[in-house]
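Following: one structure in structure tokens, then a few remarks.
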Amino acid sequence: MSDIQAEQSVSFVRKEMTPEKPAPSSIRGPVHWMKESLFSSVSNTLLTLLGVYLIYLLVPPLIQFAFVDAVWEGTNREACVDTHGACWAYVKAYFPQFVYGRYPVEEYWRVNIVFLVGALGLVPALIPALPFKRENILFMVLVYPVMTFKLLTGVSLSFETWIAEFVIAVAILLGIGAVTAYATKSPIKPLMIIIGVIALGFAAILAVMSIDFGLMPVETAKWGGFLVTLVIAITGIAASLPLGIAFALGRRSKMPAVRLVSVFFIEFWRGVPLITVLFMSSVVLPLFLPEGVTFDKLLRALIGVALFSAAYMAEVVRGGLQAIPKGQYEGADALGLTFWQSTGLIIMPQALKLVIPGIVNTFIGLFKDTTLVLIIGLFDLLGQVQLSFTDPNWSTPSTSHTGYLFAASIFWIFCFSMSRYSIFMENRLHTGHKR
Amino acid sequence: MAANSHQAGDGSSAKGSIFNDPKVRGYIYQIVLVGGLVYLVWNIVQNTAHNLEKQNIASGFGFLDNTAGFLPNQSLIDLSATSTYAEALLAGLLNTLLIAVIGIFFATIVGFVMGIARLSNNWVISKMATVYIEIVRNIPLLLQLFFWYFAVLRTVPHPKQSLDFGGGFFLNNRGFFMPKPEFGEGSALILYALIAAVLGVIIMYRWAKKRQMATGQRFPVFLTGLGMLIGLPLVAYFVAGMPITYDLPALKGFNFAGGMKVIPEFVGLLLALTIYTGAFIAEIVRAGILAVSHGQTEASYALGVKPSHTLRLIIIPQAMRVIIPPLTSQYLNLTKNSSLAVAIAYPDIVSVGGTVLNQTGQAIEIIGIWMLVYLSLSLITSMIMNWYNRSIALVER
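From first to last, the protein sequence lines stand for chains A and B. Sequential numbering of the first sequence, starting at 1214, is according to my numbering. Sequential numbering of the second sequence, starting at 880, is according to my numbering.
Below is the structure:
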């Protein structure tokens, strides 16, 4: 290169770059920007004026309501009755109910620990740069749910019959495994180990569940507010992902019976509104159970929500599976991988990566849909807000507006951050499949 | 580890093992699955029969013939004090269909306007559309429904201080009142004129298309069609001697009498569904338009096609192919979401069914009816939209 440059040292070749000149004044600056994007034509100008007028109609009154005329301090309706603005004093007074529902005040610390540990466990798991991802996720999947259950309910389960049945089931499983291993002389020892570990883990969880830590039992009928919103949303999310993956695989299975069952399951749940599912779980599910067996109302709602969102998740995952080129399957087969190996190591990671936006969309939908439980008499955040309007102590003209504004902001912050995080992950993970 | 064991297993002995035959394994899995399901269903049926018997609830649909002790406050069919549960449920079903069809109509308009607005060159307009979409999509529909119904419609003035929109349109906390047309003698002629106009537009459309194919000349189909649709019935109206009169609502005592009344529950539900679904449709429309390669726009401009024609004749038709499938899901969602009506007691099928359930205790039958209704609605909507999708799909090879 340097040789060529040396040869070109003739006089008519420029030796240095001309300094950059600023763009002509007609195509830069705020004036030009306004000309281009606001007043480029008559119709555009009219649209701009219309838009500005709409903003004028909507924004100043909102600011006036939420901040200027708002009442921030007060102990009852006297404080807010004379203002046209938001009554934040009421939100302040009701804040504990909005977060905890009717959970006993002296037990709030249990809920707080659950929130705190949840946040501490979740945030590092969501930031890609931080280490110990696997340990973190194992903690969130195995330890955190058990801890949450113990802390929130305070119940120590007695497992006399359960334990007996469980021990028998494990014995049978291990027996079948051993016999099969012996009969076929096939080295399924790893499988035996896996079964053993799962059995031990399950037994450990049951053991912890049955320890009495001396916590006061709090029945779920007393739970409410944001606590219920989070419990339903997170359980639904946690249950729907594995269930959804299972049904998506089932729908693409070569076994006709498996495929048919999956298709019926998915199409049925997707075809009906969540409200009817919730009615079903609260009214009909008890009829399906044997006499004497009763489920908690919250648990019944959780089952309904989980099955419902599993069907949606299944379709999202199926979309991802369909987007994987056939060569990937053939490559896995050519390497001699079994179905579970190729699915778990090659197909699923790619498919799930492709459908992250869809999965997060389902999560957001689920988070918003938790509000529907108020129709079957569970009080989530919206339910508590709605309930607080009946309190004569705080009934002012602006109470309902304030309450809805508060609830809407909370839901908006959560849903909007989820969607932003999804965009962030999507950008981070786009390794090659995007042009 | 697993890979090692697999290789070793392929060695000598496992070759003939029936456990390693995928076919046999497949059969075993399926038998286990079907067996488990049959056992589960059998258990459920047994339990349910036992529980119902214990609670003295007769199963079956016989209760539908009993007289309903309540009347839905909006009904498209005539209900009387002797109406049966079946008639009440039918009224509920019709109310569901009504809100779904009108909601889909308005949500589509809002969605297309907002979706195109978000792509507008105009900074103010596109930012406004973005803010609308991002706010509305991230707030639960039930909250929005409560807001419109309890915080807005319930706080509008009493009938005496009704908001007067002029021309006989009034809004107060009893509902939205508007003039009701009354068809006098000779109105049939107007209907015939309208039918003739529709037929005329179809024939003209075909002829215009043929002519454009043959000669390349475009015919102003839209304006002519609009003229026919408005003009013909208008001519018939005057020929028949102006037979349509309006019954204007008027304040009588404490409430309005006469005219047509739309109950506030309907208005609230319609507002919530339209605004909520419109935001989702807007995103679908935007994605569809962005999916059309920019080269299409450039090529169209290079040929000297007007921007408005480019949008209408080149971009939108191609975008429709991307838009239709997700749009179908939004229509289905809107239909299913109309079941939130139960929260504000708009008498749709779920709300009416819930009342029937409370009165009779026939939970399984009522929920069965709900599921049947919604599953068939989903099926019909997707059939229509799939048919439309096929008719506009790109024909390849």
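All C-beta atoms in this analysis are idealised placements derived from N, C-alpha and C, irrespective of residue type, glycine included. Predicted model, so just to flag it, every value in this text is computed and none were measured.
Nearest Cα to S1608(A) within the set A1382(A), R1315(A) and A1302(A): A1302(A).
CA-to-CA, the gap between L1456(A) and I1479(A) works out to about 11 Å.
Listed along chain A are L1500, each with a C-beta nearer than 9 Å to that of L931(B). Residue state for D957(B) is assigned as coil, using DSSP reduced to three classes. With contacts defined by Cβ atoms closer than 8 Å, V1171(B) and I995(B) do not form a contacting pair.
Against chain A, a Cβ distance below 7 Å from P1019(B) picks out K1581, T1584, L1595 and F1624.
For P1337(A), the enclosing alpha helix (DSSP H) covers residues Y1321 to L1339. I1389(A) and I1560(A) have their C-alpha atoms some 30 Å from each other. By the rule that beta-carbons nearer than 8 Å mark a contact, A1222(B) touches chain A. Residues of chain A with a Cβ closer than 9 Å to the Cβ of L1254(B) are, in chain order, E1480, F1481, G1484 and V1485. Nearest to E1319(A) by C-alpha distance, out of K1566(A), F1501(A), V1431(A) and A1524(A), is V1431(A). Per DSSP, Y1125(B) is one residue of the beta strand (DSSP E) stretching across I1123 to D1126. The beta carbon of K1510(A) lies closer than 8 Å to those of T1433, A1434, S1495, I1589, G1590 and L1591 in the same chain, with the five residues before and after it left out.
Three or more pairs of CB atoms, one per stretch, sit closer than 8 Å, so the segment 1149 to 1162 of chain B contacts the segment 1000 to 1014 of chain B. In this structure, DSSP gives P1060(B) an extended state, which the three-state scheme calls strand.
The continuous alpha helix (DSSP H) containing N1257(A) extends over residues V1255 to I1276.
For the pair L919(B) and A1470(A), the CB atoms are not nearer than the 8 Å cut-off. Contact of Q1535(A) with chain B is not assigned, every C-beta pair being separated by 8 Å or more. Within the same chain, G1047, P1058, K1059, P1060 and E1061 come within 8 Å of Y1125(B) by CB-CB distance, once the 5 residues on both sides are set aside. For N922(B) and A1279(A), the gap between their C-alpha atoms comes out near 56 Å.
Within the same chain, and ignoring the five residues on either side of K1581(A) in sequence, the residues whose Cβ sits closer than 8 Å to its Cβ are F1624 and C1628. With the rule of 3 Cβ pairs closer than 8 Å, the segment 1287 to 1301 of chain A does not count as touching the segment 1037 to 1044 of chain B.
The Cβ atoms of A1620(A) and V1586(A) do not sit closer than 8 Å to each other.
For W1285(A), the three-state secondary structure derived from DSSP is coil. When the Cα atoms are used, L1108(B) and A1222(B) turn out to be separated by approximately 41 Å. By the C-beta criterion, the segment 1228 to 1235 of chain B is judged not to be in contact with the segment 1199 to 1214 of chain B, since fewer than 3 inter-stretch pairs fall below 8 Å. Scanning P1204(B), G1240(B) and Q1238(B) for the CA closest to the CA of A1272(B) turns up P1204(B). With respect to Y1084(B), V1100(B) sits close: the two C-beta atoms are nearer than 8 Å. From the beta-carbon of I1588(A), the residues of chain B found nearer than 7 Å are V1221 and A1222. Apart from the 5 residues on each side of it in sequence, V1476(A) sits with its Cβ closer than 7 Å to the Cβ of R1464 in its chain, given in chain order.
About 7 Å separates the beta carbon of T1489(A) from that of V1229(B), a gap short enough to meet the 8 Å contact definition.
Apart from sequence neighbours up to five positions away, the residues of its chain that approach L1149(B) with a beta-carbon distance below 8 Å are I978, I981, G982 and F985, ordered along the chain. With a threshold of 8 Å between beta carbons, A1417(A) makes no contact with chain B.
Residue contact with chain B for I1411(A): absent (no Cβ-Cβ distance below 8 Å to any residue of chain B). Annotation for G1549(A): no alpha helix (DSSP H) segment contains it, and DSSP assigns it neither H nor E. In the DSSP annotation of this structure, F940(B) is not part of any beta strand (DSSP E), being labelled neither H nor E.
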